[in-house]
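Chemist: Quick one: structure below, then a few questions.
Protein chains: 2
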Amino acid sequence: MEINIGQHILNAHQEITAKNKEVLLKHGVLTINLMGSPGAGKTSVLEALISKMKSSVRMAVIEGDLYTSKDAERIEASGVPAVQINTRGACHLDGKMIEWAMQQLPLADVDLLIIENIGNLVCPAEFDLGEDLRISVLSVTEGEDKIPKYPLMFKDSAAVILNKVDLLPYTDFNMEDFYRDLRLLNPDVAIFEVSCRLDKGMDEFTVWLKSKIKTN
Amino acid sequence: MEINIGQHILNAHQEITAKNKEVLLKHGVLTINLMGSPGAGKTSVLEALISKMKSSVRMAVIEGDLYTSKDAERIEASGVPAVQINTRGACHLDGKMIEWAMQQLPLADVDLLIIENIGNLVCPAEFDLGEDLRISVLSVTEGEDKIPKYPLMFKDSAAVILNKVDLLPYTDFNMEDFYRDLRLLNPDVAIFEVSCRLDKGMDEFTVWLKSKIKTN
Numbered sequence: 039m040e041i042n043i044g045q046h047i048l049n050a051h052q053e054i055t056a057k058n059k060e061v062l063l064k065h066g067v068l069t070i071n072l073m074g075s076p077g078a079g080k081t082s083v084l085e086a087l088i089s090k091m092k093s094s095v096r097m098a099v100i101e102g103d104l105y106t107s108k109d110a111e112r113i114e115a116s117g118v119p120a121v122q123i124n125t126r127g128a129c130h131l132d133g134k135m136i137e138w139a140m141q142q143l144p145l146a147d148v149d150l151l152i153i154e155n156i157g158n159l160v161c162p163a164e165f166d167l168g169e170d171l172r173i174s175v176l177s178v179t180e181g182e183d184k185i186p187k188y189p190l191m192f193k194d195s196a197a198v199i200l201n202k203v204d205l206l207p208y209t210d211f212n213m214e215d216f217y218r219d220l221r222l223l224n225p226d227v228a229i230f231e232v233s234c235r236l237d238k239g240m241d242e243f244t245v246w247l248k249s250k251i252k253t254n
Numbered sequence: 039m040e041i042n043i044g045q046h047i048l049n050a051h052q053e054i055t056a057k058n059k060e061v062l063l064k065h066g067v068l069t070i071n072l073m074g075s076p077g078a079g080k081t082s083v084l085e086a087l088i089s090k091m092k093s094s095v096r097m098a099v100i101e102g103d104l105y106t107s108k109d110a111e112r113i114e115a116s117g118v119p120a121v122q123i124n125t126r127g128a129c130h131l132d133g134k135m136i137e138w139a140m141q142q143l144p145l146a147d148v149d150l151l152i153i154e155n156i157g158n159l160v161c162p163a164e165f166d167l168g169e170d171l172r173i174s175v176l177s178v179t180e181g182e183d184k185i186p187k188y189p190l191m192f193k194d195s196a197a198v199i200l201n202k203v204d205l206l207p208y209t210d211f212n213m214e215d216f217y218r219d220l221r222l223l224n225p226d227v228a229i230f231e232v233s234c235r236l237d238k239g240m241d242e243f244t245v246w247l248k249s250k251i252k253t254n
């Protein structure tokens, strides 16, 4: 009985997500589901990306957090339309929330929509939000053991951003294990070593992401 | 209907947890639910605690991870009995898992049981595991904004360990906001500034934790 109910909820989620995807497709929007731990630096990566891209690409952002609108305020300050979703305790974004947020955005004038998911390596990975690509952010201070410990998120990512590499000298992060475990899990993944503080690696990531944008 | 099913599952969980709690109480075990983000340093804190306590306190550890037994191996190497739970995708530990793990441990010879929960700031906070105290670990590299963004975990913690303070000079962590937001949320919380790498702050935390251990 539990399984039936669960299946019913999942089916409803898939239905809303399929509708969202259709709308995004119609507008030619490339949609990214940006995931990672709390404090991995998702919003900082996003701010750096906006500063590099906004003159040539029409961007919009959906920010997910349990509480506060701190992140949407940071993004709006960088001059890109942003909508904050507060899940009020829920551990991931879902199709219904995305549907609402999409209605607040001028999608006809957007080429790239980035959805910053809840800071959580587990639950967000289990929910398709209708995205074209998943991108995960892992910071070196979290440790390379997070790849085998939380495989689903990294297995399904088109790109992994290894963030805060400026802190490498002060951590025990094992770069060799990181590359080995990640490539074993996901042989085709694009990997970018990034420091938002030092503006390192973001140009390469921007070029990669630009190459994915849909041309009408 | 969804609510009834959910309630049924929650009631079953409370029942198992109450039974677990009874067994722990009978043996006079102080039980800690240790929580925090992936990579906040929960296992490192635990290793440091073991090295300071194991000569005077009989300890045991339950390690929670989605996959791998890396953490239980680290703890066993430090000379304390440890049981690894692999949730295989689930985002928090639950009563049934704890019941099984407790059966693997010599509880009659244990004064302090530490349960290291899944690295996740959201879901673990919603499940009572029969613990006496919750302790959260936040690392400075995650940012002070995690307190208002993930309030439940920090609101219910008897102590918060602010870890990796050796990295403060390389981050934008705002100590003033951290203390203000945390004390606003949880006025009675004990706060420890810790660096496991530099062995800073762990003596103070050890003294505090020892004062909580039950004397038969």
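Those sequence lines, one after another, are chains A and B. The first sequence begins at 39 in our numbering and counts up by one. The second sequence begins at 39 in our numbering and counts up by one. Virtual Cβ for every residue (Gly too), placed ideally from N, Cα, C. Since the structure is predicted, the reported quantities are computational estimates derived from the model, not experimental observations.
How many Å lie between Gly66(B) and Lys252(B) at the Cα?
Modeler: Computed Cα separation, rounded: 6 Å.
Chemist: Starting from Ala110(B) and walking both ways along the alpha helix (DSSP H), at which residues does that stretch end?
Modeler: From DSSP, the alpha helix (DSSP H) with Ala110(B) extends over 108-115.
Chemist: What does Thr69(B) pair with, by DSSP beta-bridge criteria?
Modeler: Its beta-bridge partners are Leu151(B).
Chemist: Go through its chain and collect everything with a Cβ distance to Glu40(B)'s Cβ below 6 Å, but skip five positions before and after it.
Modeler: Residue placement at Glu40(B) is poorly supported in this model, since its pLDDT is 45, which falls under 50; the coordinates still yield a value, given next. Excluding residues within five positions, none has a Cβ falling inside 6 Å.
Chemist: Give the residues of chain B in contact with Cys161(A), contact being defined as C-beta atoms less than 9 Å apart.
Modeler: Result: Cys129, Asn158, Val160, Cys161.
Chemist: Taking DSSP as the reference, what is the three-state secondary structure of Ser78(B)?
Modeler: It should be pointed out that residue 78(B) corresponds to Ala in this sequence rather than to Ser. Here Ala78(B) sits in coil by DSSP.
Chemist: So is Asp237(A) in contact with chain B if we call contact Cβ pairs under 8 Å?
Modeler: Taking Cβ atoms only, chain B never reaches closer than 8 Å to Asp237(A), which makes this a no.
Chemist: Thinking Ile153(A) and Ile136(A) are a contact (beta carbons under 8 Å), I'd like their distance in whole angstroms, please.
Modeler: About 7 Å separates the two Cβ atoms, so the contact holds.
Chemist: Specify the secondary structure class of Lys92(A) as computed by DSSP and reduced to three states.
Modeler: In this structure, Lys92(A) counts as coil in the three-state DSSP scheme.
Chemist: Give me the Cα-Cα distance between Ile88(A) and Ile123(A), rounded to the nearest whole angstrom.
Modeler: Their Cα atoms are separated by approximately 20 Å.
Chemist: List, in order along the chain, the chain A residues whose C-beta lies closer than 8 Å to that of Thr106(B)?
Modeler: Those within 8 Å of Thr106(B) in chain A are Asp183, Pro186, Lys187.
Chemist: Tell me, to the nearest whole angstrom, how far the beta carbon of Val175(A) is from that of Ile199(A); I am working on the premise that it is less than 8 Å.
Modeler: 5 Å between Cβ atoms; contact.
Chemist: Near Ser249(A), what residues of its chain come up, given a Cβ to Cβ distance below 8 Å and the 5 sequence neighbours on each side ignored?
Modeler: The answer is none, since no qualifying residue turns up.
Chemist: Spatial neighbours of Asp204(B) within its chain, please: C-beta separation below 8 Å, excluding the five flanking residues on both sides.
Modeler: Answer for Asp204(B): Ser233, Arg235, Leu236, Lys238, listed in chain order.
Chemist: Skipping 5 residues on each side, what residues in its chain have a beta carbon closer than 7 Å to that of Asn212(B)?
Modeler: If we look at Asn212(B) and ignore the five residues flanking it on each side, its Cβ neighbours are Glu182.
Chemist: Just to make sure I have the definition right: I need the residues of chain A whose C-beta is within less than 9 Å of the C-beta of Leu190(B). Which are they?
Modeler: The answer, in chain order, is Leu104, Gly127.
Chemist: Counting only Cβ pairs nearer than 7 Å, list the residues of chain B close to Glu180(A).
Modeler: Ordered by position in chain B, the residues that pass the 7 Å Cβ test against Glu180(A) are Pro76, Gly77.
Chemist: Quick one, which of Lys108(B), Asp103(B), Glu101(B), Val178(B) has its alpha-carbon nearest Gly79(A)'s?
Modeler: Checked all of Lys108(B), Asp103(B), Glu101(B), Val178(B); the closest Cα to Gly79(A) is Val178(B).
Chemist: Below 8 Å, how does it come out for the stretch 123-134 of chain A and the stretch 160-171 of chain A: are there three or more Cβ pairs, yes or no?
Modeler: Flag = yes, the stretch 123-134 of chain A and the stretch 160-171 of chain A touch.
Chemist: Between Leu167(B) and the rest of its own chain, which residues show a CB-CB distance below 8 Å, the 5 nearest in sequence each way excluded?
Modeler: Answer for Leu167(B): Thr55, Asn58, Thr69, Asn71, Leu131, Asp132, Gly133, Ile136, Ile153, Asn155, listed in chain order.
Chemist: Just mark Ile185(B) as buried or exposed, buried being the case when its beta carbon has 16 or more other beta carbons within 10 Å.
Modeler: Counting Cβ neighbours within 10 Å, Ile185(B) comes out buried, since at least 16 surround it.
Chemist: Just the C-alpha distance for Ala196(B) and Thr244(A), rounded to the nearest angstrom, thanks.
Modeler: Distance between the alpha carbons of Ala196(B) and Thr244(A): 44 Å.
Chemist: Compare the C-alpha of Ala146(A) against each of Leu247(A), Glu53(A), Leu220(A), Leu63(A) and name the closest.
Modeler: When only C-alpha atoms are compared, the closest one is Leu63(A).
Chemist: Which bits of chain A does Leu205(B) rub up against, with CB to CB less than 9 Å?
Modeler: Simply Thr179, Leu205, Tyr208, Thr209.
Chemist: For Lys202(B), which residues in chain A fall below 8 Å Cβ to Cβ?
Modeler: By Cβ distance, chain A contributes Thr179.
Chemist: The alpha helix (DSSP H) that contains Pro242(B), what's its start and end?
Modeler: In the sequence on display, residue 242(B) carries Glu and not Pro. Looking at the DSSP string, the run of the alpha helix (DSSP H) that includes Glu242(B) is 240-248.
Chemist: Using CA coordinates, which residue listed in Asp109(B), Met73(B), Val83(B), Asp170(B) is at the minimum distance from Asp241(B)?
Modeler: That would be Val83(B), whose Cα lies nearest to the Cα of Asp241(B).
Chemist: From the DSSP secondary-structure annotation, give me the bridge partner or partners of Phe230(A).
Modeler: Phe230(A) is bridged to Ile199(A).
Chemist: Measure the alpha-carbon distance for Leu222(A) versus Ser94(B) and round it to whole angstroms.
Modeler: Cα to Cα, the separation comes out at about 43 Å.
Chemist: Classify Asp226(A) as buried or exposed, calling it buried when 16 or more other Cβ atoms lie within 10 Å of its own Cβ.
Modeler: With fewer than 16 Cβ atoms within 10 Å of its Cβ, Asp226(A) is classed as exposed.
Chemist: What is the residue span of the alpha helix (DSSP H) that Gln141(B) lies within?
Modeler: 133-141 is the extent of the alpha helix (DSSP H) around Gln141(B).
Chemist: Exposed or buried, Asp219(B), counting other C-beta atoms within 10 Å across all chains shown (16 or more means buried)?
Modeler: Buried, because 16 or more other Cβ atoms sit within 10 Å of the Cβ of Asp219(B).
Chemist: Among Asp215(B), Glu85(B), Ala228(B), Phe216(B), which residue has its Cα nearest to the Cα of Glu111(B)?
Modeler: For Glu111(B), the nearest C-alpha among the options comes from Glu85(B).
Chemist: If you compare alpha carbons, which of Asn201(B), Glu214(B), Ile100(B), Trp246(B) is closest to Glu169(B)?
Modeler: Answer by Cα proximity: Ile100(B).
Chemist: Would the beta-carbon of Val118(A) fall within 8 Å of that of Met97(A)?
Modeler: Yes, Cβ-Cβ distance for Val118(A) and Met97(A) is below 8 Å.
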